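Keeping their order, the protein sequence lines are chains H and A. So the first sequence is numbered by UniProt numbering: it starts at 1 and just counts up by one. So the second sequence is numbered by UniProt numbering: it starts at 1 and just counts up by one.
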Amino acid sequence: MDYDPMVMDDAEAMGPVVKISQADSVRVKYQLSNADISFANSLRRVMLAEIPTLAIDLVEIEENSSVLADEFIAHRLGLIPLNSEGVDSMFFSRDCDCDGTCERCTVTLTLHAKCTGDENMHVFARDLVPTSERINSVLGNPIITDADGLGPLILKLRPGQEVKLVCIAKKGIAKEHAKWAPSAAIGFEYDPHNKLHHLDLWYEQDPKAEWPPSEYAEWEEPPQEGEPFDYDAVPNRFYFNVESAGSLPPDVIVSEGIKVIQQKLAGLIHELSEGDGGDGMNGDYGGPRSPEYATGADGFGGYTTPFGNGGNQSSWGGAGGTTPYGTTPYGAGQSTWS
Amino acid sequence: MPRAKSKKEEPVEAGSDVVMEEAPPSHQPESRDDMSVDQDENDGPEDVEDEEVDEEEEEEEDVQRVRLLPGSTPTAASFEFLNEGHTLGNALRYIIMKNPDVEFCAYAIPHPSEAKMNVRIQTFEGTTAIQALEKGLRDLQELCDVVSDKFIDAKEKFAASASS
Numbered sequence: 001m002d003y004d005p006m007v008m009d010d011a012e013a014m015g016p017v018v019k020i021s022q023a024d025s026v027r028v029k030y031q032l033s034n035a036d037i038s039f040a041n042s043l044r045r046v047m048l049a050e051i052p053t054l055a056i057d058l059v060e061i062e063e064n065s066s067v068l069a070d071e072f073i074a075h076r077l078g079l080i081p082l083n084s085e086g087v088d089s090m091f092f093s094r095d096c097d098c099d100g101t102c103e104r105c106t107v108t109l110t111l112h113a114k115c116t117g118d119e120n121m122h123v124f125a126r127d128l129v130p131t132s133e134r135i136n137s138v139l140g141n142p143i144i145t146d147a148d149g150l151g152p153l154i155l156k157l158r159p160g161q162e163v164k165l166v167c168i169a170k171k172g173i174a175k176e177h178a179k180w181a182p183s184a185a186i187g188f189e190y191d192p193h194n195k196l197h198h199l200d201l202w203y204e205q206d207p208k209a210e211w212p213p214s215e216y217a218e219w220e221e222p223p224q225e226g227e228p229f230d231y232d233a234v235p236n237r238f239y240f241n242v243e244s245a246g247s248l249p250p251d252v253i254v255s256e257g258i259k260v261i262q263q264k265l266a267g268l269i270h271e272l273s274e275g276d277g278g279d280g281m282n283g284d285y286g287g288p289r290s291p292e293y294a295t296g297a298d299g300f301g302g303y304t305t306p307f308g309n310g311g312n313q314s315s316w317g318g319a320g321g322t323t324p325y326g327t328t329p330y331g332a333g334q335s336t337w338s
Numbered sequence: 001m002p003r004a005k006s007k008k009e010e011p012v013e014a015g016s017d018v019v020m021e022e023a024p025p026s027h028q029p030e031s032r033d034d035m036s037v038d039q040d041e042n043d044g045p046e047d048v049e050d051e052e053v054d055e056e057e058e059e060e061e062d063v064q065r066v067r068l069l070p071g072s073t074p075t076a077a078s079f080e081f082l083n084e085g086h087t088l089g090n091a092l093r094y095i096i097m098k099n100p101d102v103e104f105c106a107y108a109i110p111h112p113s114e115a116k117m118n119v120r121i122q123t124f125e126g127t128t129a130i131q132a133l134e135k136g137l138r139d140l141q142e143l144c145d146v147v148s149d150k151f152i153d154a155k156e157k158f159a160a161s162a163s164s
């Protein structure tokens, strides 16, 4: 018992350490040390896919005489990063009480452009104008970072062509669609000298000569000549390079990422504790071991029995009616049928 | 969904074959006739069904996301998490394994196309798997707190060093 955990405990006695090596408006580079790879990877995954942002989700096209198809334009509009500052206090539109649109769950943007000159006209993201009530004055503005203040090019119009459309931007996460991703790319690196042999570098003659050293190589001790392989070693320092897509500043992406993990955990803790009855945890195990389960007398087998039968034996201790498994159509219906 | 389920329950009560009645789409007006007959004959079961439908709807808003898998004992239990994946699973496994009262902890995603994540916890005498799980969740939250604070400190330090 005293080999692996103890070694790790010593290293982690100081607790995790964060060091920032570069930070500006588009990226933050930092080092997370004295943490486990599983936590570092959770943070990476959450920053990639689970931080809510705002993006155009519905487009009502009133007029489109451009050469591009309606759905093509709608897709391009969806991919335009929108300022998501304050998106935290918005609802997901599916959770909102309103019917359709309100300032708590959506931002409406309109685009109306007609080429009246004799040269082709370029329509940029700056031409998207937020027109609805908003909870703050920047939420939903298209992100414009170029020197000319144009933003991404949406489409081009020949003389006489026109587009007129209304966009409804909603809150969402990148797990559902990548347009909601707050980060453009996340660099994640550890063990620049490959001491742990997690990488099997391809080579012709000599991997050391053929592979360029990582930018973090000088941050860590290179392996000594003839050093034996340490099979107890675990990765301990992680180099993140978080690049923002624009909707959230890079440091906010990191903070929000941690927040999202915490919200996940809080939700689960809440769910575990709300079902607890007065008899505490120990009574909770009646359910899975109950004779009803073993016999499977009714036709529904193991699925309903441990949870559906005998309400207060349900695994989380709540009365049968409070757990979803107690009120399944099968579980509840039994009283009617028998 | 709830509507479809309630339709299915009806023929069962009438004692007829669910599958045969439901299968051909052309039978829809007929089954609607059945419904009206049911209503005329006795209101009792109708009421019960309405309640059931209501309950189902409530359920869908508030689905239980963690459940204990069958075959668990106090010190050795498997949990099934809905809509969770490697993001939570691996970190949770690590933090639960750190608990000295835990003998074994592992997680698995049994099938990639089902949004389910299973965690197995075996503890030594004196604590239960549920307690270990809850401690794990709280410990992980604490770890997040610490990293969050450290990141904010580092940001302030960086800003100070950049401006000076």
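Heads up, the beta-carbon is just placed ideally off N, CA and C, and yes, glycines get one too. Small disclaimer: the values here were computed from a predicted structure and weren't measured.
Of all the CB atoms in chain H, is at least one closer than 8 Å to the CB of residue i?
i: R120 of chain A; result: no
i: A160 of chain A; result: no
Can you name the residues of chain H whose CB is closer than 7 Å to the CB of residue i?
i: C144 of chain A; result: I258, I261 and Q262
Starting from the beta carbon of residue i, find every residue of chain A whose beta carbon is closer than 8 Å, and list them in chain order.
i: K19 of chain H; result: A154
i: R237 of chain H; result: Neighbours of R237 of chain H on chain A: none; closest Cβ ~14 Å, over 8 Å.
For residue i and residue j, what's the separation of their Cα atoms in angstroms?
i: I269 of chain H; j: E142 of chain A; result: 13 Å
i: V59 of chain H; j: I168 of chain H; result: 6 Å
i: F39 of chain H; j: N236 of chain H; result: 11 Å
i: F104 of chain A; j: L150 of chain H; result: 57 Å
i: V18 of chain H; j: I143 of chain H; result: 29 Å
i: M47 of chain H; j: I253 of chain H; result: 6 Å
i: D118 of chain H; j: D127 of chain H; result: 20 Å
i: I51 of chain H; j: L196 of chain H; result: 32 Å
i: N241 of chain H; j: C144 of chain A; result: 19 Å
i: Q205 of chain H; j: N136 of chain H; result: 60 Å
i: Q31 of chain H; j: Y190 of chain H; result: 9 Å
i: G246 of chain H; j: N83 of chain H; result: 7 Å
i: P249 of chain H; j: F151 of chain A; result: 14 Å
i: V67 of chain H; j: L155 of chain H; result: 9 Å
i: V147 of chain A; j: L109 of chain H; result: 37 Å
i: A108 of chain A; j: K135 of chain A; result: 20 Å
i: R44 of chain H; j: G160 of chain H; result: 48 Å
i: residue 342 of chain H; j: A174 of chain H; result: In the structure as shown, chain H begins at 1 and stops at 338. Residue 342 of chain H is therefore absent and cannot be evaluated.
i: G140 of chain H; j: G86 of chain H; result: 10 Å
i: E63 of chain H; j: G78 of chain H; result: 18 Å
i: S89 of chain H; j: H86 of chain A; result: 27 Å
i: P182 of chain H; j: D146 of chain H; result: 19 Å
i: N90 of chain A; j: E162 of chain H; result: 52 Å
i: V119 of chain A; j: L140 of chain A; result: 15 Å
At 8 Å on the CB atoms, spell out the chain H contacts of residue i, in chain order.
i: F104 of chain A; result: The contacting residues do not exist; F104 of chain A stays about 12 Å from chain H at best.
i: A91 of chain A; result: D36, S38, F39, N41, S42 and I261
Taking the DSSP output, what are the residues bridged to residue i?
i: S84 of chain H; result: Paired residue(s): none; S84 of chain H is not in a bridge.
i: C96 of chain H; result: Answer is none; C96 of chain H lacks a bridge partner.
i: C105 of chain A; result: A:I121
i: F240 of chain H; result: H:Y30 and H:F188
i: K179 of chain H; result: Bridge partners of K179 of chain H: none, in fact.
i: M121 of chain H; result: H:L157
i: H112 of chain H; result: H:K164
i: F79 of chain A; result: A:L68 and A:V119
Could one say the Cβ of residue i lies closer than 8 Å to chain C's Cβ atoms, at least one of them?
i: H86 of chain A; result: In the displayed structure, chain C is absent; the protein chains listed are H and A.
Please report whether the beta-carbon of residue i lies at a distance below 8 Å from any beta-carbon of chain A.
i: L272 of chain H; result: yes
i: R134 of chain H; result: no
i: L265 of chain H; result: yes
i: P16 of chain H; result: yes
i: residue 382 of chain H; result: Here chain H covers residues 1 to 338 and nothing more, so residue 382 of chain H does not appear.
i: Y231 of chain H; result: no
i: A23 of chain H; result: yes
i: E27 of chain H; result: In the sequence on display, residue 27 of chain H carries Arg and not Glu. No - not a single Cβ of chain A is within 8 Å of the one on R27 of chain H.
i: R45 of chain H; result: yes
i: D251 of chain H; result: yes
List, in chain order, every chain A residue whose beta-carbon is nearer than 9 Å to that of residue i.
i: I269 of chain H; result: E134, L137, R138 and Q141
i: Y216 of chain H; result: Under the 9 Å cutoff, chain A gives no residues; its nearest Cβ is about 16 Å from Y216 of chain H.
Output, in chain order, the set of chain A residues within a Cβ distance shorter than 7 Å of residue i.
i: V254 of chain H; result: F151
i: V87 of chain H; result: Here the premise fails: no neighbours, minimum Cβ distance about 19 Å.
i: Y30 of chain H; result: A154
Under the criterion of a Cβ to heavy atom distance below 7 Å, does residue i qualify as lining the ligand ADP?
i: H193 of chain H; result: This structure simply doesn't include the ligand ADP, nor any ligand for that matter.
Which residues, taken in chain order from the stretch 124-149 of chain A, show a beta carbon closer than 8 Å to some beta carbon of chain H? T128, I130, Q131, L133, E134, L137, R138, L140, Q141, L143, C144, D145, V146, V147 and S148
Quick one: which residues of the stretch 63-84 of chain A get their C-beta closer than 9 Å to a C-beta of chain H? List them in chain order. V63, Q64, R65, V66, R67, L68, L69, P70, G71, S72, T73, P74, A77, F81 and E84
When you check each C-beta in the stretch 95-111 of chain H against every C-beta of chain A, which residues fall closer than 9 Å? none
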